[in-house]
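Beneath this line is the structure, given in structure tokens, with notes to follow.
Numbering (the numbering used here), first residue to last: -7 to 81.
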């Protein structure tokens, strides 16, 4: 099963590293990543494989939200099928 992670916030050193370390700790593989900085605002979208995650989806969500709070970022995850359903016309 795959999922989409979005990260938004003020740019600073270490955002990508912190998110990737958290995902590695949860045994989540990053399949694709896109990030950009616009006028100091960092945005990142990650496509990840959560099939072999060491915890349930709700725990992944909570862990990423906690990381976001610690770093003053918005970090959200959605299952791929939900993401696709929301953006399919």
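Note that the Cβ used here is the ideal one computed from N, Cα and C, for glycine as well. These numbers come from a predicted model, not from an experiment.
Whole-angstrom distance between residue j and residue i, CA atom to CA atom
i          : j          : result
residue 15 : residue 30 : 25 Å
residue 62 : residue 55 : 11 Å
residue 51 : residue 67 : 14 Å
residue 6  : residue 60 : 13 Å
residue 32 : residue 3  : 5 Å
Check whether residue i and residue j have beta carbons under 9 Å apart
i          : j          : result
residue 38 : residue 0  : no
residue 69 : residue 25 : no
Contact set for residue i: own chain, Cβ-Cβ below 7 Å, skip 5 residues either direction
i          : result
residue 18 : 45, 46, 47, 52 and 55
residue 10 : 59 and 63
residue 40 : -6, -5, -3, 15, 20, 21, 22 and 23
Residues bridged to residue i [DSSP beta-bridge criterion]
i          : result
residue 38 : -3 and 25
residue 67 : -1
residue 33 : 2 and 30
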